[in-house]
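Report on one structure; see the data block that follows.
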Amino acid sequence: MRTVCADTTATHSIAGETLYHILKKQGTTFTAGSLRLSLADGSKFEKEVNSTCVKIRLGGRTLPLNLVVIPGVKTNDTLLGMKHLELFLT
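Sequential numbering from 1 applies to the sequence shown in my numbering.
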């Protein structure tokens with residue numbers, strides 16, 4: 001079993017390695033791009049990423065979720081960026 005973490009200050013949702021492989025196996029297509037990341041320690045950097053939009057069920061509602069995958073990152077859990085989801089939950 002894998003964990004999904006909700007981050008109330010995160011502006012993006014990051015797909016963990018396991019979720020990424022499940023989505024790829026199901027035929028989900030990803031678009032390559034880049035994203036400027038800010039970490040909790042204050043460091044900032046630009047990283048090549050892959051992204052897609054999926055639908056999730058949360059609180060009895062189906063919501064669109066933009067997911068970002070950071071290639072090469074291993075054993076990370078999925079992070080739900082709640083800043084975006086708050087728009088749909090209020």
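Beta carbons: idealized from backbone N, C-alpha and C, even for Gly.
For clarity, every value in this text was computed on a predicted model and none was experimentally measured.
Worksheet entry | Buried/exposed call for I149, threshold 16 Cβ in 10 Å | Look at the range of the chain in this structure, 1 to 90, and you will see that residue 149 is not part of it.
Discussion item. Under 8 Å, with one C-beta from each stretch per pair, do the region 58-66 and the region 40-49 reach the 3-pair mark?
Written reply: The answer is no - the region 40-49 does not touch the region 58-66, with fewer than three Cβ pairs under 8 Å.
Worksheet item: Cβ atoms of V54 and T28: under 9 Å apart, would you say?
Response: For this step, residue 28 is matched to residue 28 along the sequence shown. For this step, residue 54 is matched to residue 54 along the sequence shown. Yes. Within cutoff.
Worksheet item: In the DSSP assignment, what residue or residues form a beta bridge with A32?
Response: Residue 32 sits at position 32 when you count from the first residue of the sequence shown. Under DSSP, the beta-bridge partners assigned to A32 are N50.
Worksheet item: Distance, Cα to Cα, E46 vs R61?
Response: Position 46 of the sequence shown, counted from the start, is the residue given in the question as residue 46. Position 61 of the sequence shown, counted from the start, is the residue given in the question as residue 61. E46 and R61 have their C-alpha atoms spaced approximately 33 Å apart.
Worksheet item: Can you round the beta-carbon distance between T11 and K74 to whole angstroms, since I take them to be within the 8 Å contact cut?
Response: Here residue 11 refers to the residue found at position 11 of the sequence shown. Here residue 74 refers to the residue found at position 74 of the sequence shown. Cβ atoms of T11 and K74 stay farther apart than 8 Å, at about 23 Å.
Item to complete: Keeping to the same chain, check which residues put their C-beta closer than 7 Å to that of L79; ignore five residues upstream and five downstream.
Response: On the sequence shown, residue 79 is found 79 positions in, with the first residue counted as 1. Cβ-Cβ distances below 7 Å link L79 to C5, D7, A10, S13, I14 in the same chain, with the five nearest sequence neighbours on each side left out; the list follows chain order.
Discussion item. Taking the beta carbon of L58 as the centre, do at least 16 other beta carbons fall within 10 Å, making it buried, or is it exposed?
Written reply: Locating residue 58 in the sequence shown gives position 58, counting from the first residue. Counting Cβ neighbours within 10 Å, L58 comes out exposed, since fewer than 16 surround it.
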